[in-house]
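These protein sequence lines are chains A and B, in that order. Each residue of the first sequence is one higher than the one before, counting from -19 in our numbering. Each residue of the second sequence is one higher than the one before, counting from -19 in our numbering. Below is one structure, written out as structure tokens, with a few remarks after it.
There are 2 protein chains.
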Amino acid sequence: MAEHADTTKCRPQLRIRRVSLDTGRENVVVISRHSSALRPDVFRGFSRVELRSGSKALLATLLITDEDSLVGRDELGLSEPAFRRFGEPAGNLITVSPAASPESLDAVRGKIQGRTLNPDEINAIIDDLTHYRYSDMEIAAFLIGSASFMTSDELVALVEAMARAGTQLKWPNPIVVDKHCIGGIPGNRTSMIVVPIVAAHGLTIPKTSSRAITSPAGTADTMEVLARVDVGVEEMKEVVAACRGCLIWGGHVNLSPADDILISVERPLSLDTREQMVASIMSKKLAAGSTHLLIDLPVGPTAKLANAADAMRLRKLFEFVGDHFGIAVEVITTDGRQPVGNGIGPVLEAADVMAVLTNDPRAPADLREKSLRLAAHLLEYDPQLRGGSGYARARELLDSGAAMNKMQAIIDAQGRSSCRADIGKLTSDIVASEDGEVSDINCLQLNRLARTAGAPIDKGAGIKLFRKIGDRIEKGQPLYRIYAFDHSELDLAVAAAEANSGYTMVNRRTPTSRTGS
Amino acid sequence: MAEHADTTKCRPQLRIRRVSLDTGRENVVVISRHSSALRPDVFRGFSRVELRSGSKALLATLLITDEDSLVGRDELGLSEPAFRRFGEPAGNLITVSPAASPESLDAVRGKIQGRTLNPDEINAIIDDLTHYRYSDMEIAAFLIGSASFMTSDELVALVEAMARAGTQLKWPNPIVVDKHCIGGIPGNRTSMIVVPIVAAHGLTIPKTSSRAITSPAGTADTMEVLARVDVGVEEMKEVVAACRGCLIWGGHVNLSPADDILISVERPLSLDTREQMVASIMSKKLAAGSTHLLIDLPVGPTAKLANAADAMRLRKLFEFVGDHFGIAVEVITTDGRQPVGNGIGPVLEAADVMAVLTNDPRAPADLREKSLRLAAHLLEYDPQLRGGSGYARARELLDSGAAMNKMQAIIDAQGRSSCRADIGKLTSDIVASEDGEVSDINCLQLNRLARTAGAPIDKGAGIKLFRKIGDRIEKGQPLYRIYAFDHSELDLAVAAAEANSGYTMVNRRTPTSRTGS
């Protein structure tokens, strides 16, 4: 290793050139095959290299090219992320040498072989990760090595290391509440109702949300229909000082950069472990300065948690980590058998939210009730409130219009959105193929259909449900309507829905007393 | 998944353009940021995409560019490996869509979660791997998932799947012998002596070897000093038909393409598991049509195996797999406490080999003895040979010049090398800092020093040892000589050697009777 590092001293220097290659999160650099700095067999295409200029160093993946227009023989082309992170101007001198792996990889290898890691090792791993010293492969090694077994001490150390790696928010208030749902349920935009209620009561609730990754909408995508959500830390603090709450995208606040990196590898691998989920959520809440946290675990056959036992195990893990860091964590399980609200896709969901906040009689009752229930839990964190009166207080704030006024104030403080907020002009109804009662709705299939229709890229694309579990329907009546902007996308979504509507019906000859949940 | 695949139908078509980007093994494609086929948020930089043209499909990693010189708006740039593997001419039409993960990844995820895989699942994984459908990250997932635990059934299925994925050689002879060393010991070019002896006796020994990956020389690099080694399957068969043996690089024979891919990920991660090692070696031997195999396991403090217990476990694993496939496997442990022979680096090692083959009195005795011992084991696979007479027969073939004649025939059949075969003109001697007896030689450090001096890129760079374990030396006498072509590389190697010569001395006041092994 030492020898490798030393050899950079005598390597020819190249001039930095900025090349417009968007390589996602990866640092990629391009070198000419005729470069004097390139020694065949030392550097291979896609091998890892270390860039150096003075005291600055960066690890990157190497591409070798014959395209003279891209880089000259005495140049090194830095792709967008590499150029930004290296922070040296174009034209400056730089050396390139084979990269040694980060030392913390020894700990990762230890973990793979079944060793337990100490907090220093975990800190070193997270530090190297956050500074882009790990390749995707090395990140995968850490994730998979940790997937099979992680002690509670390791989990706690991981949460702490991840929370310390990014922005750490401090608030002047003794009580800072937050809510989090583990996701997976279409619709379900409770945060956009809970935050205005809780802020209207006077509690501090600085909510950051994610954008859709594999779903048709994240809370940030839906809120963006109404307001700007690309808000940084300073502006976030101003909004919270003015309104007690906010509803912004977490991407500019940088609460857990390590988590963003880990997720970018977990996602394509579809790795989903309880410990990583808890570390991801709790590191962000710790960094966000939350003192009281409500976690929503939807349970249902097509939800992330299939049964109460899974939910219980996850609850214990959240509580354990919360206790360790002095965060009051309350975990509740909710009905995850079907979508919450009627809209799926940012614009349609935003319409549901505004219908609830404006007490529109056509507002989806399930979204209203679930939001009130969650708000009730959060309100009872207020020591001034009598035990058991949270729900009544939440309903009072919603019914009186106080929550809607607060939402308007938050929208004004964050700024109006510049997004297109119209609903897809192309529509098609998916109808029941027989008489019956809705017994099951497949959340995964509805998410897929809404994405096929164009959500969340087209904010107004998506699905509006006309029936929920327990509702009776006759053959030929619409189950839901698909909205799109693009003919071919509508056709694809309709074809997919006709193959699998996501709805299961039972044909009950005798009308039953069962109603929608 | 079905929806994803279908959406390709309506995607705009792009024209294939070949772009000169050497991206190693990875399929990389480049698209213009202004392309009509690019939908932001669907494709991100470095995301995985699927290319389609008619019935052809290929998975690749996407780069997005603003560089108009690289790709136009209606073009898709295919990097070298992607262009070669897709096999469609430039200008043809192609669609690009987000890639679904290979289905066999479900089995990989199962393995990560502790499930045992059946042969069909392992076959599907190896098939997808071999067809470049796995990203590096996904390959790492498989390796790490298998690293913690693999049943013997899984190992056998893996060996078989890997062997079937590439070239499978058939030989007209009932006995096809082979030898393999797990590596790690500098020098140690026994194959180049064993193959001529065994072939001179009349047994078939079609030997393929690797090039250096992390060492200063592989057998293929050293043989290349004397003969062409970039030999394909048909030519290999001709050489073996003419000479009974060959000494070629395995890279063009493609015996286990899956192994080449796995190794390219194991190496940067420094993953080293017994099961993967056995799968790697045995899949190649099975594909190579070997009937009798001798495995050399060097044991020593800086060898790959530190003690006899480790070697025993590995031996059992080789024997188990060999028995399953009907390959007669013999595993022997050898002295891995120090380099074998005096030279380290291709040209210096080739000189040792030729000194042994020509019975030069200055030839290194340890290399000669070890080669005779290995050849003796192989010769006894000949049913015509009396038990116990293998060693005598090997020595007879070596001493008589029959082995040297065979080596010349092999060199002639493979063709003369076009490589530079001179020894580095720049030299520096590393001397003993005190009187004493050599008690230890660090193989890892000598490998590093030889690489720093320029081996294997400069074939004539490396190290020549003057002392081995048990030899007495006086202060100021040379331990070894470093050879290089480049002043700065010589300086770096000397500086590194002065910091750590790799030699440990004990100062025995009384001369002892201990001699070099």
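Here a beta-carbon is modelled for each residue, glycine too, at the ideal position from N, C-alpha and C. On a predicted model such as this, the values are computed, not experimentally measured, just so you know.
Listed by chain order, chain A residues near residue i by CB distance under 9 Å
{"i": "Glu118 (chain B)", "result": "Ala120, Pro248 and Leu249"}
{"i": "Gly94 (chain B)", "result": "Ser128"}
Min CB distance residue i to chain B below 8 Å
{"i": "Phe26 (chain A)", "result": "yes"}
{"i": "Ser397 (chain A)", "result": "no"}
{"i": "Glu47 (chain A)", "result": "yes"}
{"i": "Cys(-10) (chain A)", "result": "In this predicted model, Cys(-10) (chain A) has a pLDDT of only 47, less than 50, meaning its place in the structure is not dependable enough to derive any value."}
{"i": "Ser270 (chain A)", "result": "no"}
{"i": "Glu(-17) (chain A)", "result": "Caution is warranted here: a pLDDT of 35 is assigned to Glu(-17) (chain A), below 50, making its placement in the model unreliable, and the coordinate value is therefore given only provisionally. Closer than 8 Å to some Cβ of chain B, the Cβ of Glu(-17) (chain A) qualifies, so yes."}
Any chain A beta carbon closer than 8 Å to residue i
{"i": "Glu30 (chain B)", "result": "no"}
{"i": "Glu134 (chain B)", "result": "no"}
{"i": "Ser0 (chain B)", "result": "yes"}
{"i": "Thr(-13) (chain B)", "result": "Residue placement at Thr(-13) (chain B) is flagged as unreliable, the pLDDT there being 40, under the threshold of 50; the coordinate-derived value follows with that caveat. So, interface residue."}
{"i": "Thr492 (chain B)", "result": "Per-residue confidence for Thr492 (chain B) stands at a pLDDT of 48, beneath the threshold of 50, marking its modelled position as unreliable; the derived number appears in the next sentence. So, not an interface residue."}
{"i": "Ser81 (chain B)", "result": "yes"}
Chain-ordered neighbours of residue i on chain A, where CB pairs are closer than 8 Å
{"i": "Ile124 (chain B)", "result": "Ile92, Ala120, Ala121, Ile124 and Gly125"}
Bridge partner(s) assigned by DSSP for residue i
{"i": "Arg531 (chain B)", "result": "The requested residue 531 (chain B) does not occur in the structure, where chain B is confined to residues -19 to 497."}
{"i": "Asp315 (chain A)", "result": "A:Val279"}
{"i": "Cys161 (chain A)", "result": "A:Asp276"}
{"i": "Lys217 (chain B)", "result": "Answer is none; Lys217 (chain B) lacks a bridge partner."}
{"i": "Met485 (chain A)", "result": "A:Val418"}
{"i": "Leu39 (chain A)", "result": "A:Glu30"}
{"i": "Gly167 (chain B)", "result": "B:Val320"}
{"i": "Ser128 (chain B)", "result": "According to DSSP, which records beta bridges pairwise, Ser128 (chain B) is partnered with nothing at all."}
{"i": "Thr45 (chain A)", "result": "A:Ser12 and B:Leu1"}
{"i": "Lys444 (chain A)", "result": "A:Gly323 and A:Arg461"}
{"i": "Pro186 (chain A)", "result": "A:Cys226"}
Interface partners of residue i on chain B, CB under 7 Å
{"i": "Glu6 (chain A)", "result": "Phe26"}
Residues that residue i contacts on chain A, provided the C-beta gap is smaller than 7 Å
{"i": "Val245 (chain B)", "result": "Met117"}
Contacts of residue i in chain B (Cβ-Cβ under 8 Å)
{"i": "Arg89 (chain A)", "result": "Leu249, Ser250 and Leu251"}
{"i": "Leu50 (chain A)", "result": "Glu47, Ser49 and Leu50"}
inquiry  = Output needed in chain order: residues of the region 292 to 312 of chain A with a Cβ under 7 Å from some Cβ in chain B.
reply    = none
Contained alpha helix (DSSP H) runs [length at least 4] in the region 317 to 371 of chain B, N- to C-terminal order: 326 to 337 and 345 to 359
_Please give the ranges of any beta strand (DSSP E) in the region 407 to 436 of chain A, keeping only runs that are unbroken, at least 3 residues long and fully inside the region._
416 to 421
### Uninterrupted alpha helix (DSSP H) stretches inside the region 188 to 259 of chain B (no shorter than 4 residues)
199 to 203, 213 to 223 and 237 to 249
Worksheet entry | beta strand (DSSP E) runs contained entirely in the region 62 to 112 of chain B, provided each spans 3 or more residues | 73 to 78
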